[in-house]
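Please read the structure below before turning to the comments.
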Amino acid sequence: MTHTVLLLQPAAAKTTRTYYDYESIAELVDGLCHLYEQRVRAQNPGMQQVEYGLGDLNRFIDELFDCGVLTYDEATRSYKPHNKAWLKEQCYRLLKARAKPANAA
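Residue numbers (full-length UniProt numbering): 1 to 105.
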C-alpha cells in the first residue's frame with residue numbers, strides 16, 4: 001500500500017482546487033475513473049451506462065487545468081511528486097492488467 005494524494009484543479013478558477021486521498025495507486029486509478037464517469041453522467045443526464053476507453057480517460061486528464069499526484073515513499077519517509085504523464089501511465093498499467101484474462105501469462 002502506498003498512500004497517495006491526487007491534487008486536482010479542474011478549471012482555471014482557484015476555487016476549483018481540491019484533493020483526494022487514497023491508500024494505494026490502484027485506488028487512485030479507480031477514483032479517477034469514478035470522477036470521469038461522474039463528469040460524463042453530468043454532461044449526459046439520461047445516460048444509463050458509461051462506456052469509455054483509455055483514450056477517453058487520457059483526454060479527461062489532459063483537460064484538467066492542473067493535476068498532480070503525491071505518493072508516499074517509505075524509504076525516504078517523504079512524498080514524491082508525479083505529473084499527468086505518470087498518472088496516465090499508472091492508468092494504462094492497471095487497466096491493462098485488469099483486462100488480461102485470469103489464465104493469461
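Cβ coordinates follow ideal geometry from the N, Cα and C atoms, glycine included.
- Does the beta-carbon distance from V29 to C91 come in below 8 Å? yes
C-alpha gap between E74 and R98, whole angstroms:
Cα to Cα, E74 sits roughly 26 Å from R98.
| task | Would you kindly work out how many angstroms separate the C-alpha atoms of H3 and N83, rounded to a whole number? | result | 16 Å
Which class does Y36 belong to by DSSP, given the choice of helix, strand or coil? helix
* Of all the options L64, D62, Y36, which has the alpha carbon lying nearest to the alpha carbon of E51? -> Y36
Exposure label - Y19; buried when at least 16 CB within 10 Å:
exposed
Rounded to a whole number of angstroms, what is the C-alpha to C-alpha distance between I25 and Y79?
-> Straight-line Cα distance between these residues: approximately 13 Å.
According to DSSP, is T4 helix, strand or coil? Note: T4 maps to strand in three-state DSSP.
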